[in-house]
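Encoded as structure tokens, the structure appears first; notes follow it.
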RNA sequence: GGAGAGGUGGCCGAGUGGUCGAAGGCGCAGCACUGGAAAUGCUGUAUAGGGGCAACUCUAUCGAGGGUUCGAAUCCCUCCCUCUCCGCCA
């Protein structure tokens with residue numbers, strides 16, 4: 104959420120920064136609302152101060168022996184009543200204005216970081232580095248074909264169970280999924296991340312806190328009878344772990360690694376990635392999340408990205424790192440690195456992790472602060488996939504496929520999977 | 001789902017109409033005492049918003065929202081949540 108004070112005092116800055124995202128916004132009316140709200144608050148509190156004074160005076164007079172029904176007290180009562188009238192009118196208006204302001208503020212995306220490169224869309228993203236050597240070869244299968252041939256998953260039966268864009272994993276496929284989750288949790292757990300297994304049903308305050316609501320309601324599944332939604336990412340429950348808290352400075356940074364299934368409606372993606380494990384309504388993900396002191400989020404961003412990359416390296420999967428341009432930035436992010444893994448069968452890089460620094464954007468929405476001496480400050484938050492499990496499996500299948508039809512797995516997975524190869528059954 | 005109890009500061013807990021943002025305790029921080037520590041003593045210790053260079057000051061907040069009153073943590077109404085027992089259940 105944008106800082107209300109900034110809206111009042113420097114709307115031009117906001118407009119300029121949102122302009123870098125490709126938004127053409129006129130903030131003058133919002134600024135007006137914000138100023139109006141502040142004016143109303145000033146008027147109201149001045150009146151309330153006067154009312155409080157009168158209330159106390161009445162108390163003192165009565166205590167001092169004045170007749171509670173006498174003229175002197177009656178006069179004060181009348182003054183009190185008059186003020187009460189005015190306050191209540193102002194209060195009503197102020198509430199309306201404040202709620203209008205809040206509603207609007209919640210719809211604005213984060214301002215891009217100064218470091219974030221300007222650009223229009225994904226074509227303007229900047230490749231930062233590459234790791235590993237992509238396997239390029241004619242006749243390689245795509246992962247869904249491999250998975251089908253090896254009996255690792257069944258999409259058609261999943262339609263019977265749920266609908267399209269769901270998969271059911273079987274046998275070695277199910278075991279590989281489970282192995283990957285454990286492998287990633289262990290890897291990050293060994294690097295100072297605290298493991299959490301959060302609820303995957305989250306309330307709307309949580310979704311608002313991390314930025315999914317109010318704008319992206321159509322992207323999440325909602326429970327009909329409760330204020331609960333299926334979480335689209337563990338980022339949501341983990342952000343709300345500390346909602347409305349003041350975290351002592353000595354505890355920062357807080358680093359969490361959370362496994363969760365993720366649920367996304369994928370509205371508007373009809374026809375894209377309809378086969379296999381790339382785009383599903385339900386998928387597994389291991390998520391990294393940091394709460395950091397506001398002065399240290401840049402270093403943290405480099406580190407969380409490195410931690411996500413470490414998974415790909417351990418799995419010997421070639422990848423590249425893109426820095427997203429302002430036009431491709433997510434709603435809550437101020438700066439993002441995407442990790443794209445090489446899919447040998449498809450012959451393309453595909454996003455497998457997105458590592459973002461959100462500055463104080465989520466912290467303001469979620470009211471998560473830290474304290475230095477007398478000063479409270481909003482913390483900064485960061486999140487990064489470490490990694491999306493389904494896409495990791497896809498990459499392992501495509502990059503590890505062998506001429507004999509089997510799939511060779513990286514050594515790091517052997518203790519988790521119980522072997523170094525998926526064999527045709 | 002049925003029955004009951006309860007929501008007060010970081011925590012415990014007092015407070016049933018009048019300088020109550022709230023006693024007391026614990027915890028925490030600083031100072032004193034000490035060779036050092038414990039113990040002890042003193043001082044300080046909520047959040048948000050507004051104003052002020054600042055010292056500071058005003059307003060709001062005792063689960064949430066309404067109401068009564070000159071004045072509400074305290075009285076009334078509605079809602080939410082938590083806990084306990086029973087039922088059901090992994």
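In my numbering, the protein residues as written are 104 to 528. In this text, a Cβ means the ideal position worked out from N, Cα and C, and glycines have one as well. All of these numbers come straight from a predicted model, not from anything done at the bench.
{"query": "Look at the alpha carbon of residue 131 and the alpha carbon of residue 137, and state the distance between them as a whole number of angstroms.", "result": "10 angstroms"}
{"query": "Can you tell me whether residue 478 is buried or exposed, with buried defined as 16 or more other CB within 10 angstroms of its CB?", "result": "exposed"}
{"query": "Decide yes or no for the touch test of the stretch 490-507 against the stretch 385-392: beta carbon pairs closer than 8 angstroms, at least 3 of them.", "result": "yes"}
{"query": "Quick one: complete beta strand (DSSP E) runs, 3+ long, within the stretch 428-460?", "result": "438-446, 451-460"}
{"query": "Taking the alpha helix (DSSP H) that residue 144 falls in, what are its first and last residues?", "result": "131-166"}
{"query": "Please return the same chain residues whose Cβ sits closer than 6 angstroms to the Cβ of residue 378, not counting the five positions on each side in sequence.", "result": "247"}
{"query": "How far does the alpha helix (DSSP H) with residue 381 in it extend, from its first residue to its last?", "result": "That residue, residue 381, is in no alpha helix (DSSP H); it is neither H nor E in DSSP."}
{"query": "From residue 458 to residue 525, what distance separates their C-alpha atoms?", "result": "31 angstroms"}
{"query": "Buried or exposed for residue 374, please, with buried defined as at least 16 other CB atoms from any protein chain shown within 10 angstroms of its CB.", "result": "exposed"}
{"query": "Could you round the C-beta distance between residue 394 and residue 271 to whole angstroms and report it? I think they count as a contact, below 8 angstroms.", "result": "Contact flag wrong, Cβ pair sits at about 36 angstroms."}
{"query": "Which full runs of the beta strand (DSSP E) of 3+ residues lie inside the stretch 312-394, going along the chain?", "result": "348-351, 357-366"}
{"query": "Using a Cβ-Cβ cutoff of less than 8 angstroms, which residues in the same chain neighbour residue 321 once the five nearest sequence positions on both sides are dropped?", "result": "368, 370"}
{"query": "The alpha helix (DSSP H) with residue 276 in it runs from where to where?", "result": "274-292"}
{"query": "Is residue 501 buried or exposed, if buried means 16 or more other CB atoms sit within 10 Å of its CB?", "result": "buried"}
{"query": "So, for residue 237: in the same chain, excluding its five sequence neighbours on each side, which residues have a beta-carbon less than 6 angstroms away from its beta-carbon?", "result": "421, 445"}
{"query": "What does the alpha-carbon distance come out to for the pair residue 345 and residue 128?", "result": "32 angstroms"}
{"query": "Go ahead and label residue 441 buried or exposed: buried means 16 or more other beta carbons lie within 10 angstroms of its beta carbon, across all protein chains shown.", "result": "buried"}
{"query": "From residue 133 to residue 199, what distance separates their C-alpha atoms?", "result": "14 angstroms"}
{"query": "Would the beta-carbon of residue 498 fall within 8 angstroms of that of residue 243?", "result": "no"}
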